[in-house]
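Trainee: Residues in the sequence shown are numbered from 86 upward in steps of one, following this note's numbering. The beta-carbon is built from N, C-alpha and C at its ideal position, and this holds for glycine as well.
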Amino acid sequence: MMHGKPVIGDGGKGSIKNLFKALKPYLPQIIVTFLFIAVSTVLSVYAPQWLSKLTDEIADHAFTRDIDMKKIMNFAIVLIVFYGCNALCNYIANFVMTTVTQKFTRGMRSEISHKINRVPLGYFDAHQYGDTLSVITNDVDTIGQSMDQAVAMFLSSVCMLVGVLIAMFVTAWQMALTVLLMIPLMLVMITVLTKCAMPQFRKNQQYLGDLNGKAEENYSGHAVIKAFNAGARMAEDFEVSNRKMRRGVFRGQSIMGVLQPAMNFIAYFAYAAVCVVGGLLISDGDSGVTFGTITAFMVYVNLFQSPMSQLAQAASSLQMAAGASARVFDFLEQNELSDESGKERKLLVGNNKIKGDVEFKNVRFGYSPDKIIIPDFSAKIKAGMKVAIVGPTGAGKTTLVNLLMRFYELNDGDITIDGVSINDMSREEIHDIFGMVLQDTWMFEGTMRENILFSKQSVSEERLKGILKEAGVAHYINTLPGGLDFYVENETNISGGQKQLITIARAMAENSPLLILDEATSNVDTRT
Numbered sequence: 086m087m088h089g090k091p092v093i094g095d096g097g098k099g100s101i102k103n104l105f106k107a108l109k110p111y112l113p114q115i116i117v118t119f120l121f122i123a124v125s126t127v128l129s130v131y132a133p134q135w136l137s138k139l140t141d142e143i144a145d146h147a148f149t150r151d152i153d154m155k156k157i158m159n160f161a162i163v164l165i166v167f168y169g170c171n172a173l174c175n176y177i178a179n180f181v182m183t184t185v186t187q188k189f190t191r192g193m194r195s196e197i198s199h200k201i202n203r204v205p206l207g208y209f210d211a212h213q214y215g216d217t218l219s220v221i222t223n224d225v226d227t228i229g230q231s232m233d234q235a236v237a238m239f240l241s242s243v244c245m246l247v248g249v250l251i252a253m254f255v256t257a258w259q260m261a262l263t264v265l266l267m268i269p270l271m272l273v274m275i276t277v278l279t280k281c282a283m284p285q286f287r288k289n290q291q292y293l294g295d296l297n298g299k300a301e302e303n304y305s306g307h308a309v310i311k312a313f314n315a316g317a318r319m320a321e322d323f324e325v326s327n328r329k330m331r332r333g334v335f336r337g338q339s340i341m342g343v344l345q346p347a348m349n350f351i352a353y354f355a356y357a358a359v360c361v362v363g364g365l366l367i368s369d370g371d372s373g374v375t376f377g378t379i380t381a382f383m384v385y386v387n388l389f390q391s392p393m394s395q396l397a398q399a400a401s402s403l404q405m406a407a408g409a410s411a412r413v414f415d416f417l418e419q420n421e422l423s424d425e426s427g428k429e430r431k432l433l434v435g436n437n438k439i440k441g442d443v444e445f446k447n448v449r450f451g452y453s454p455d456k457i458i459i460p461d462f463s464a465k466i467k468a469g470m471k472v473a474i475v476g477p478t479g480a481g482k483t484t485l486v487n488l489l490m491r492f493y494e495l496n497d498g499d500i501t502i503d504g505v506s507i508n509d510m511s512r513e514e515i516h517d518i519f520g521m522v523l524q525d526t527w528m529f530e531g532t533m534r535e536n537i538l539f540s541k542q543s544v545s546e547e548r549l550k551g552i553l554k555e556a557g558v559a560h561y562i563n564t565l566p567g568g569l570d571f572y573v574e575n576e577t578n579i580s581g582g583q584k585q586l587i588t589i590a591r592a593m594a595e596n597s598p599l600l601i602l603d604e605a606t607s608n609v610d611t612r613t
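1) Roughly how far, in whole angstroms, is the beta-carbon of threonine 378 from the beta-carbon of glycine 248, given that I think they are within contact range, below 8 angstroms?
2) Could you check the C-alpha separation between lysine 584 and threonine 526 for me, to the nearest Å?
3) Can you list, in chain order, the residues of its chain with a C-beta nearer than 6 angstroms to that of alanine 409? Leave out the 5 residues immediately preceding and following it.
4) Count the other CB atoms, across all protein chains shown, that sit within 10 Å of the CB of glycine 373; report buried if there are 16 or more and exposed otherwise.
5) Compute the Euclidean distance between the alpha carbons of valine 384 and tyrosine 176, then round it to the nearest angstrom.
6) Which residues does DSSP list as the beta-bridge partners of tyrosine 572?
7) Could you tell me whether the Cβ atoms of alanine 282 and glycine 342 are closer together than 7 angstroms?
8) Kindly indicate the opening and closing residues of the beta strand (DSSP E) around proline 460.
9) Within the continuous alpha helix (DSSP H) that includes leucine 296, where are the two ends?
10) Where glutamate 530 and methionine 319 are concerned, what is the direct C-alpha to C-alpha distance, given to the nearest angstrom?
11) To the nearest whole angstrom, what separates the beta carbons of valine 243 and phenylalanine 389, a pair I think is in contact under 8 angstroms?
12) Please classify arginine 328: is it buried, with 16 or more other beta-carbons within 10 angstroms of its beta-carbon, or exposed?
13) Report back the beta-carbon spacing between alanine 407 and isoleucine 101 to the nearest angstrom; my notes put them in contact at under 8 angstroms.
14) Let me check one thing: in DSSP terms, what residues is phenylalanine 445 bridge-paired to?
15) Verify whether the separation of the beta carbon atoms of lysine 440 and alanine 464 is less than 7 angstroms.
16) With contact counted as at least three CB pairs below 8 angstroms, one residue from each stretch, are the region 211 to 218 and the region 392 to 407 in contact?
17) Within the continuous alpha helix (DSSP H) that includes isoleucine 601, where are the two ends?
18) Which two residues bound the contiguous alpha helix (DSSP H) that contains phenylalanine 189?
19) Beta strand (DSSP E) containing glycine 342: first to last residue?
20) Taking glutamine 233 as the reference, which of Ala123, Leu485, Leu403 and Gln134 has the closest Cα?
21) For the putative contact between valine 472 and isoleucine 459, defined by C-beta atoms under 8 angstroms, what is the C-beta separation to the nearest angstrom?
22) Report buried or exposed for isoleucine 162, applying the criterion of at least 16 other Cβ atoms within 10 angstroms of its Cβ.
23) So, at 8 angstroms on beta carbons, what are the nonlocal neighbours of isoleucine 601 in its own chain, with the 5 sequence-adjacent residues on each side left out?
24) With which residues is serine 453 paired in a DSSP beta bridge?
25) Among the candidates Gly582, Asp570 and Arg534, whose CA atom is the shortest distance from the CA of glutamine 524?
26) Between which residues of its own chain and serine 506 is the CB-CB distance below 8 angstroms, once the five residues before and five after are set aside?
27) My assumption, with CB atoms under 8 angstroms, is that glycine 557 sits in contact with leucine 586. Please give the rounded CB distance.
28) When you compare each of Thr183, Val130 and Thr140 to valine 117 by their alpha carbons, which one comes out closest?
29) Going straight from the alpha carbon of alanine 559 to that of glycine 551, what length do you get?
30) Between phenylalanine 167 and leucine 136, is the Cβ-Cβ spacing less than 7 angstroms?
31) Locate the beta strand (DSSP E) running through methionine 521, then write down its first and last residues.
32) For serine 630, list the residues DSSP reports as bridge partners.
33) At the level of alpha carbons, what is the spacing between valine 413 and alanine 312?
34) Counting along the chain, where does the alpha helix (DSSP H) carrying isoleucine 251 start and finish?
35) Please report the straight-line C-alpha distance between arginine 203 and phenylalanine 539, rounded to a whole angstrom.
36) Three-state secondary structure (DSSP) at methionine 393?
Shown next as C-alpha cells:
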C-alpha cells in the first residue's frame, strides 16, 4: 500500500537561505516590526531608572517617615505609562509579524498547490501521498509558527541585549562587568544544545510525514484492510511510526528543555554576584551606587537573561523551520513539466475538425531507464475505429493511454494525431482532444451538477438531461434529494458503478473528438 519514498530534504544552511530569500518581499513589514520592538526596548530599558529613583526616595525617607507621596505617585504614574506603552508596542509588533507569517504561509501553500499541477506524474509514483500532503499542511504550518516566533524573538532579543548593556554600563560599569562575565557561559550553553537538537528536529519532520503517509494508507485502504483482516498488522505498522515520532519529539524537547533551567541558574548566580559587588560599592561610599541602583540592576539582570533565553528559543524555532523548509523547498525544486505556453495549437484551430487518426511509431518507454515496459510498439488507428487494447496485467495498457495523453514522455519513438506529433502539441491541446473515463473514479465536494459538468459549465439544461439518459444515470440522479443539486460531501455512499456512470456522463459533457475508456465499466453490471 506504500506509494514511494518520503519527501526528504537536507535541512542544511541552504534551507535557511531559501527561507530568508522567500521572506524578502515582506522586508518592509519586518522593518516596521523592528521599529516597534526598538521603541519597546527603549521603554523597557529606561523604566528601571525611574524605579531606581522611586526606591531611593523611599529608602532615603524610610526612617524619618516623611516620604513625599506626591513624588512617589508621580514616579509610579511614569512607570505605568512606560510599561503601558511598552505593552502596546509589543502588541503592534506581534500583530504585524503574525500578519507577515500568515501571508507568507498562504503564499507558500499557493505555490505548492500550483507546483503540484506542474510536476510530472512520475513524482507521485515515487513519493507517498500522505507525506506529500504533510509538506502542504504540517511542514508549512511548522515554518509559519517557527518563523513567527523566531523572527520576533530574534529582533526583540538583539534590541534588548544592546539596550540593557548600554543602560548597565551607564548606571554602574563595575556591576555591568560582573554581569558581562556570564555571557560566555550562556553562549556555550546555547551553542551546544542547539547543535545537539538540530538533527533531531529535521528527523522529526520526516517522522511526521511518514506518520501521515501511514494514516492516509489506513484511511484510503480501509475496506481492503477489513476484507483481509489486516487491521492488526496495519495498526502495528502505524504504531511503529507513531513510536518513532514520540521518541523523536521527546529527544528534541528534552535537549532544549535543559536550556531554560540552565539559563535560570546562571541568572540567579548573576543576581548574587550583583548583590555582592553592589554591597562592596555602597560600603565604599564614593562609587555613587545606592540601594536604588542595585534594585535597577536586578531588573536589568532579568532583562538581560530573558533575551538570552529567547535567542536560544529563536535558534530552536529556526532549526524546526529549517527541517520543515528543507522538505518544502525539496518539493518546490522538483523538475517540472516543460513550459508550453508558447506553443500554438496545431489541430484545434478555429473551426477545424479533427479527423481522429492516431499512430504509435516504434514507441519505447520505461518508468526508469533500467525497467523498460514497452520496448517497441507500433500501431495505426484510423478515424472512427473502436479499438480495444487487451493484454495481461502489467503489459502496459494503461501506460499506452498515459503516453498518448503525454502524462509521461517517450524514451524513443513518436505518437501522432492526424499526422501531427504529440511533442509538437501542447498538453492542454491534447487533453482537449481526448475525453477520458478511468477505472479509478474521482468525485469532488460539490453538487452532482458541478461534478458532471466540471469544466463544461456552458452545457444547456436540455443537453444535460440527454447526457444523463444516454449514460444510464438519469434514474439514479432523480432518486437523490435535490436531483442534480444534491451536494456530494462524501463519495463513499455512492457505489463504484454509479461513480463510473457519473464519470461517463462527465466525459460526454466534455464532448471531446476522441474518447478513451480505461476499464470504464469495470464496476457496472453487464445488464446496465
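Mentor: Checking against the coordinates, here is how it stands:
1) Going by Cβ atoms, the distance from threonine 378 to glycine 248 rounds to 18 angstroms, so no, they are not a contact pair.
2) 6 angstroms
3) Asp224, Thr227, Ile228 and Gln290
4) exposed
5) 22 angstroms
6) Thr532
7) no
8) 456 to 466
9) 268 to 305
10) 28 angstroms
11) So it is not a contact: roughly 13 angstroms between Cβ atoms.
12) exposed
13) 5 angstroms
14) Ala464 and Ile500
15) no
16) no
17) Isoleucine 601 -> not in any alpha helix (DSSP H); beta strand (DSSP E) instead, spanning 599 to 602.
18) 154 to 201
19) Per DSSP, glycine 342 belongs to no beta strand (DSSP E); it is in the alpha helix (DSSP H), 316 to 342.
20) Residue 233 is actually aspartate in this sequence, not glutamine. With distances taken between Cα atoms, aspartate 233 lies closest to Leu403.
21) Not a contact, Cβ separation roughly 16 angstroms.
22) exposed
23) Val486, Leu489, Met490, Phe519, Gly520, Met521 and Val522
24) Lys456
25) Gly582
26) Asp499 and Ile500
27) 6 angstroms
28) Thr183
29) 9 angstroms
30) no
31) 519 to 522
32) Any property of residue 630 remains undetermined from this structure, which presents the chain solely from 86 to 613.
33) 36 angstroms
34) 225 to 256
35) 20 angstroms
36) helix
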